[in-house]
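K.L.:
Below is one structure. I have some questions about it.
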Amino acid sequence: MNKSVINRIEMQLKRKNMSQRDLAKKLGVSEVTVSRWLSGDRDPSIDTLNKIAEALDTTASYFFITDDWHTEKKAEEGKTDSVNWGTILAGTALTATAVIGIVALAKAMGKLNDKDKEQIEDILNR
């Protein structure tokens, strides 16, 4: 997992006063599995990310929206050849599955240029 996603999960664990063991129990996985996710050795599936978010009383989209991404996009303001997906998706309660669905729909409609695709991929990879 991307370090910023790991950081967000760890922040939520602290906010909820939960340990990795507590999260593992809620998800029905081993402590080793959670430890591997948070060390970056393994990546949870999209479904599991949604379950992690639910266990931590947040949304999967929270894990992927970063301040760095918004800063990069502010530098691009004024460009009209691309949709600012960060602005559209920031602060929404979309799950990662919903974001993927939006991307698939937009691709099917032929509405994504290369820059849009890069922005969305960046969101999904964080």
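If you number the sequence shown the way my numbering does, the last residue is 302 and the count never jumps.
C-beta atoms are modelled at their ideal positions from N, C-alpha and C, and glycine is treated no differently.
(1) Give the DSSP-derived three-state secondary structure of Thr234 in the structure shown.
(2) Nearest by alpha-carbon distance to Asp223: which of Ala236, Ser215, Asp217 and Leu214 is it?
(3) Have a look at Leu199 and Ala231 and give me their C-alpha separation to the nearest angstrom.
(4) Leaving aside the five residues before and after Arg212 along the sequence, list all residues of the same chain whose C-beta is less than 8 Å from its C-beta, in chain order.
(5) Just to confirm my understanding: we take Ser162, look at its own chain, exclude 5 residues before and 5 after, and list those with CB closer than 8 Å. What are they?
(6) Pick helix, strand or coil for Arg218, following the three-state DSSP scheme.
(7) At which residues does the alpha helix (DSSP H) containing Asn183 begin and terminate?
(8) Return the chain-ordered list of same chain residues with a C-beta closer than 7 Å to the C-beta of Asp233, the five sequence neighbours on each side being excluded.
(9) So is Arg184 buried or exposed if we call it buried at 16+ other beta carbons inside 10 Å?
P.N.:
Judging by the given coordinates:
(1) In the sequence shown, residue 234 corresponds to position 58, counting from 1. Looking at Thr234 - three-state DSSP - the assignment turns out to be coil, as it is neither helix nor strand.
(2) As a working note, residue 223 is residue 47 in the sequence shown. Ranking the options by Cα distance to Asp223, first place goes to Ala236.
(3) Along the sequence shown, one-based indexing puts residue 199 at 23. Along the sequence shown, one-based indexing puts residue 231 at 55. When rounded, the distance between both Cα atoms is 7 Å.
(4) The count along the sequence shown starts at 1 and reaches residue 212 at position 36. Closer than 8 Å at Cβ, skipping near neighbours: Arg218.
(5) Outside the displayed range of the chain (177 to 302) lies residue 162, so it cannot be described from this structure.
(6) The residue you call residue 218 lines up with position 42 of the sequence shown. In the structure shown, Arg218 sits in coil (DSSP, three-state: anything other than H, G, I, E or B).
(7) The residue given as residue 183 occupies position 7 in the sequence shown. Run containing Asn183: Lys179 to Arg191, per the alpha helix (DSSP H) assignment.
(8) Translated into positions along the sequence shown, residue 233 becomes position 57. Excluding sequence neighbours, Asp233 sits near Lys192.
(9) Sequence index remark: in the sequence shown, residue 184 carries index 8 (1-based). Burial call: buried.
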